[in-house]
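Asker: Note that our numbering has the sequence shown beginning at 2, numbered continuously upward.
Each residue gets a CB set at the ideal place from its N, CA and C atoms; glycine is no exception.
Sharing a structure with you now.
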Amino acid sequence: MILGTQLPEWKQIIGRNKGNKEEVFFGKEDVYFLSKSCMSINLIINAYRKVKDQDRVFIWLPDYFCNQTISSFKEEWMEISYYPIDENLDPRWSVIREQSKKQRLDIFIFTHYFGKYHSSICNAKEICKMKGGILVEDCAHILYATGKVGKSGDFVLYSPHKQIPICDGAVLHCNKKDSNAAICNEMSKMYQSLKRAQSEDFWYIKKGIQKIIPIHRALTYYPGVHIGDVIEDFCEPKRISSEAYNILCGYTYEKFKRIAYIRRANVTTMNFIMKSLFPDIVPLIDATTDVPYLAVYSLEKYLDKKLITDELLKRDFTLLFWPDIPYDLEEDKEHAVAFALSENVIALPIHQGITPQKLIEKFYINFGQKRNKGRLFILQKLYLSLGEDLFKKVNNKNCEFKNRNIISNKTEVLRIEWTNDREKYQKVYHQVVFSNIPQDWDYGAIKERTEGWIAKRAIIKNGNNMEMGIVQILIKCKWGIKLVIRVNRGPLFLEEYDIPENHMKAMELVRSQFRLPVIYATQLEASSENLILLTRYKWKHWNIFGFGSGKINLYNKTEELLRKELDSKWRNQLISAEKKQVKIKFDFSKFMKILDIYEESQREKNFKGISRDILLLLKKASKLEILYIEIEEEIIAFDIFYVNDNFGLYLVGWNGPLGRKMYANNLLLYTEVVHLLERGIHWMELGGIDYIETEENARFKDGMKPKHYQLSGEFIKF
């Protein structure tokens, strides 16, 4: 069984009192760190009451809301009204507008459920403005602000302790403006007087035990409507504990984005598994959610929901539910949807302590192998004895084992032919529709000269001696001993042979001939199907963060269409740059100076990038093109591209202060793309589009509206 929450690292458990003295990612201006979000709500309401000098405060909450949270902040003088939500977890605005005509509104709490942003918050803002109330944006299921998240509310709630391993921790952010300034000021005074929560030593001890023995408390899931108990569990507002704050300080923006990446990958994989098991199940969260809190599903299409949940529990899934519906709701028609959701919705953990491959192994491969080993043997015997046509009539079409094993027996036989003939290798390389640098012969030669790798190349052929593709491997040696093989974004196949199974067969042939550990940065795109295949071939995920980029299809396009497809803001910047009528230079006369500028930029911004030596050797191999703008003998911007017969690749881009001001990089990049178009080259790749490490650069490249792709990451096999 997979643990329901992420476990902390050992250094967080053992050294929690030392802490990281850097400023926490959430900042400190108009931000308050409390122990729990229920305390944040209580602080807002109390500050509002004092500023408005009211005996009672009228709070509107969604009916699909946690009963325990309400019990933790509710006081006798608070008047709570519940507004209904619909099947899409959005408020039913027609009912709310009618309700607003009759009832007083002081505080409206709007919830973004399970990490998914709901744009209808603009309606809540409108109603608060009309009624003179304040809007609280509940982002407790969202790890951090992205896009429009946290922009609408007067006050915004986050609960980082729900998604990162700290014993407590909530963040309250004030979007300070004239209308709520007095409440913000009062809240600041109240916050200063709050005590700090005590360290929960038992929590850290328990997490340490779970890291050694992954054990759960008893599951809390049960089928049916989940109604909260009548409890009085008021939590006096306290600041976040010192230990939790110290750990929270260690999380940078980049680290949060990595967590988000893993959670999105996990929810994609879990959705695939659940749909494979139960085709009529409805996922409510997918990878378009920036930071999924849980994988959430609706069982509304199933009459016997207990049958489904029992089957999931039998397969060792960790089932969760949220929320426990407020006990004081009447089961009338206004709240029928909340009760239906409570009965229909199930949730599963997809935190960053899990990997997609772990989910695949546990719930898709291993379970099926144990349960159906005998059946698979029978099916294969049937296929061999009856033949394909008769087998299809006898066997159910939807049998998963037919697809997994029998069809793979019909794929072509592969063999690899090692070669030292550059011309022969490059001929096949140039026939690949979308090739890449790491599989270029010249790139391997450069790695040999600069980093001491041994490069070997092979032509991949079928049983009829037809060329199917190529693969270039790099071998690392130490003291004359071959230690490891690296295959980077290969093998590459001609279009008609480019199927995942052939990639696996080629890699098995490589391994069988060298019998060394292989680090494999696959050219296969990230998908559950490809991960299943890699897992079946015993490849272990080494690095989940696969190379991501974008490519622009130039085939049969005109310059007019290319310009039209640009993002409007990016296009306007391009027009602004064109109006400057600066001269673009294409020569290599200033190449060494450009490399000096590039290296200085690497040091200043602390990024690795492509090395100077590799750029020099690519130039020597006539694989580089350079565009730059010079004003009064000062280079204000330059771009470096790798170009072959198939595609162009944006390698390096740099802007000085003046270049940024006049959008020179837009002009240089667009100019090169037009040149490739005129020369009949079909593809332009924009290099890495990485929103984790280089978000600003990624946004710039996305202005060209490329087709995104994400590779599956790096794997290892011994």
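Residues in the same chain with beta-carbon distance under 6 Å from Ala-183, minus the five sequence neighbours each way, listed in chain order, please.
Answerer: Position 182 of the sequence shown holds residue 183. For Ala-183, where only same-chain residues beyond five positions count, the Cβ hits under 6 Å are Val-52.
Asker: Report the rounded CA-to-CA distance for Phe-26 versus Phe-34, giving the unit in angstroms.
Answerer: For the purposes of this step, residue 26 is taken as the residue at position 25 of the sequence shown. For the purposes of this step, residue 34 is taken as the residue at position 33 of the sequence shown. Looking at the two C-alpha atoms, the distance is approximately 12 Å.
Asker: When DSSP builds the beta bridges, which residues end up paired with Gly-354?
Answerer: For the purposes of this step, residue 354 is taken as residue 353 along the sequence shown, with counting starting at 1. In the DSSP output, where bridge partners are listed per residue, Gly-354 has none listed.
Asker: Ignore the nearest five residues each way along the sequence and tell me which others in Ile-630's own chain have a CB closer than 8 Å to its CB.
Answerer: Position 629 of the sequence shown, counted from the start, is the residue given in the question as residue 630. Val-583, Lys-584, Ile-585, Lys-586, Ile-636, Ile-637, Ala-638, Phe-639, Gly-660, Ala-665, Leu-668, Leu-669.
Asker: Per DSSP, what kind of secondary structure is Met-131 in: helix, strand or coil?
Answerer: Within the sequence shown, numbered from 1, the residue matching residue 131 stands at position 130. Of the three classes helix, strand and coil, the one that applies to Met-131 here is helix, per DSSP.
Asker: Taking Cβ positions only, does Tyr-599 come closer than 9 Å to chain C?
Answerer: Among the chains in the structure shown there is no chain C, since it carries only a single protein chain.
Asker: Among the residues of its own chain, which have a CB less than 8 Å from the CB of Cys-236, if the five just before and after it don't count?
Answerer: On the sequence shown, residue 236 is found 235 positions in, with the first residue counted as 1. So the qualifying residues of the chain are Ser-36, Lys-37, Cys-39, Met-40, Asn-43, Ser-73, Phe-74.
Asker: With Pro-707 and Gly-551 assumed to form a contact (beta carbons below 8 Å), what rounded beta-carbon distance in angstroms separates them?
Answerer: What you label residue 707 is simply residue 706 of the sequence shown in a count that begins at 1. What you label residue 551 is simply residue 550 of the sequence shown in a count that begins at 1. Confirmed, Cβ separation roughly 3 Å.
Asker: So, Arg-487 versus Trp-454, is the Cβ gap smaller than 9 Å?
Answerer: Against the sequence shown, residue 487 aligns to sequence position 486. Against the sequence shown, residue 454 aligns to sequence position 453. Yes, the Cβ-Cβ distance between Arg-487 and Trp-454 is below 9 Å.
Asker: Within this structure, are the beta carbons of Gly-731 and Leu-8 separated by less than 9 Å?
Answerer: Only positions 2 to 719 of the chain appear in the structure, and residue 731 is not among them; the question remains open.
Asker: Would you say Asn-503 and Gly-547 are within 9 Å of each other, going by their C-beta atoms?
Answerer: One-based indexing of the sequence shown puts residue 503 at position 502. One-based indexing of the sequence shown puts residue 547 at position 546. Cβ atoms of Asn-503 and Gly-547: not closer than 9 Å.
Asker: When DSSP builds the beta bridges, which residues end up paired with Pro-439?
Answerer: The sequence position of residue 439 within the sequence shown is 438, counting from 1. Per DSSP, none; premise fails for Pro-439.
Asker: I'd like to know whether the C-beta atoms of Asp-741 and Arg-265 end up nearer to each other than 9 Å.
Answerer: Beyond the ends of the chain as shown, which are 2 and 719, falls residue 741; an answer cannot be given.
Asker: Mind checking who Trp-61 pairs with in its DSSP beta bridge?
Answerer: As a first step, residue 61 must be located in the sequence shown, where it is residue number 60. Ser-82, Phe-109, per the DSSP bridge assignment.
Asker: Quick one: give me the first and last residue of the beta strand (DSSP E) that Ile-460 is part of.
Answerer: Within the sequence shown, numbered from 1, the residue matching residue 460 stands at position 459. Here the beta strand (DSSP E) through Ile-460 covers 455-463.
Asker: Taking the C-alpha atoms as reference points, what is the distance between Leu-677 and Phe-648?
Answerer: Reading the sequence shown from its first residue, position 676 is the one you call residue 677. Reading the sequence shown from its first residue, position 647 is the one you call residue 648. Looking at the two C-alpha atoms, the distance is approximately 8 Å.
Asker: Taking 8 Å as the cut-off, is the CB of Trp-480 close to at least one heavy atom of the ligand GTP?
Answerer: The ligand GTP is absent from the structure shown, which contains no ligand whatsoever.
Asker: Tyr-262 and Phe-115: beta carbons closer than 9 Å?
Answerer: To locate residue 262, count along the sequence shown from 1; it is residue 261. To locate residue 115, count along the sequence shown from 1; it is residue 114. Contact: no.
Asker: Would you say Gly-229 and Pro-350 are within 9 Å of each other, going by their C-beta atoms?
Answerer: Along the sequence shown, read from residue 1 onward, the residue named residue 229 stands at position 228. Along the sequence shown, read from residue 1 onward, the residue named residue 350 stands at position 349. For Gly-229 and Pro-350, no; Cβs fall outside 9 Å.
Asker: Residues in its own chain within less than 6 Å of Gln-711 by CB, not counting five upstream and five downstream?
Answerer: Taking the sequence shown and counting its residues from 1, one reaches residue 711 at position 710. Cβ neighbours of Gln-711 beyond the five flanking positions: Ala-527, Gly-547, Gly-549.
Asker: In the DSSP assignment, find the beta strand (DSSP E) that holds His-227 and state where it starts and stops.
Answerer: On the sequence shown, position 226 is the one that residue 227 refers to. That residue, His-227, is in no beta strand (DSSP E); it is neither H nor E in DSSP.
Asker: In chain order, what residues of the same chain lie with their CB nearer than 8 Å to the CB of Phe-378, ignoring the 5 residues before and after it?
Answerer: Taking the sequence shown and counting its residues from 1, one reaches residue 378 at position 377. Unreliable placement is indicated for Phe-378, whose pLDDT of 43 sits below 50; the coordinate value is still reported in the next sentence. There are no such residues.
Asker: Taking contact to mean at least 3 C-beta pairs separated by less than 8 Å, is the segment 190-204 in contact with the segment 240-248?
Answerer: Touching, yes.
Asker: Nearest CA to the CA of Ile-206: which residue from Trp-78, Glu-255, Glu-10?
Answerer: The count along the sequence shown starts at 1 and reaches residue 206 at position 205. Looking at the Cα atoms, Glu-10 is the closest of the given residues.
Asker: Does the distance from the CB of Glu-138 to the CB of Leu-106 come in under 9 Å?
Answerer: Within the sequence shown, the letter at position 137 stands for residue 138. Within the sequence shown, the letter at position 105 stands for residue 106. No. Outside cutoff.
Asker: DSSP has Arg-416 in a bridge; who is on the other side?
Answerer: Taking the first residue of the sequence shown as position 1, residue 416 is located at position 415. According to DSSP, which records beta bridges pairwise, Arg-416 is partnered with Lys-462.
Asker: Mapping the DSSP letters down to three states, classify Val-675 as helix, strand or coil.
Answerer: Counting from 1 along the sequence shown, the entry for residue 675 is found at position 674. Val-675: helix per DSSP, three-state reduction.
Asker: Just mark Ala-337 as buried or exposed, buried being the case when its beta carbon has 16 or more other beta carbons within 10 Å.
Answerer: Within the sequence shown, the letter at position 336 stands for residue 337. Result: exposed.
Asker: If I'm right that Leu-360 touches Met-271 with Cβ under 8 Å, what's the distance once you round it to whole angstroms?
Answerer: Residue 360 sits at position 359 when you count from the first residue of the sequence shown. Residue 271 sits at position 270 when you count from the first residue of the sequence shown. Sure, about 6 Å apart at Cβ, within 8 Å.
Asker: Taking only the alpha-carbon atoms, compute the straight-line gap between Lys-580 and Asp-568 and give it to the nearest angstrom.
Answerer: Indexing the sequence shown from 1 puts residue 580 at position 579. Indexing the sequence shown from 1 puts residue 568 at position 567. Roughly 18 Å separates the two Cα atoms.
Asker: Could you tell me if Leu-532 is buried or exposed, where buried requires 16 or more neighbouring beta carbons within 10 angstroms of its beta carbon?
Answerer: In the sequence shown, the residue the question calls residue 532 occupies position 531. Its Cβ being crowded by 16 or more others within 10 Å, Leu-532 is buried.
Asker: Given this structure, state the Cα-to-Cα distance separating Gly-170 from Cys-185, to the nearest angstrom.
Answerer: Working through the sequence shown from its first residue, we reach residue 170 at position 169. Working through the sequence shown from its first residue, we reach residue 185 at position 184. Taking the straight line joining both Cα atoms gives about 20 Å.
Asker: Just tell me which of Cys-129, Asn-367, His-113 has its CA closest to the CA of Arg-316.
Answerer: Your numbering for residue 316 matches position 315 in the sequence shown. The shortest C-alpha separation from Arg-316 is found at Asn-367.
Asker: For Val-675 and Leu-493, what's the separation of their Cα atoms in angstroms?
Answerer: Residue numbering aside, residue 675 sits at position 674 when the sequence shown is read from its first letter. Residue numbering aside, residue 493 sits at position 492 when the sequence shown is read from its first letter. If I take the Cα positions, the gap works out to 27 Å.
Asker: Can you check which of these residues, Tyr-84, Phe-66, Tyr-222, is closest to Leu-314 by C-alpha distance?
Answerer: Indexing the sequence shown from 1 puts residue 314 at position 313. If we check each option's Cα against that of Leu-314, Tyr-222 comes out closest.
Asker: Counting C-beta neighbours from all protein chains within 10 Å, is the total for Cys-478 16 or more, i.e. buried, or is it exposed?
Answerer: Stepping through the sequence shown from its first residue, residue 478 is reached at position 477. That one is exposed.
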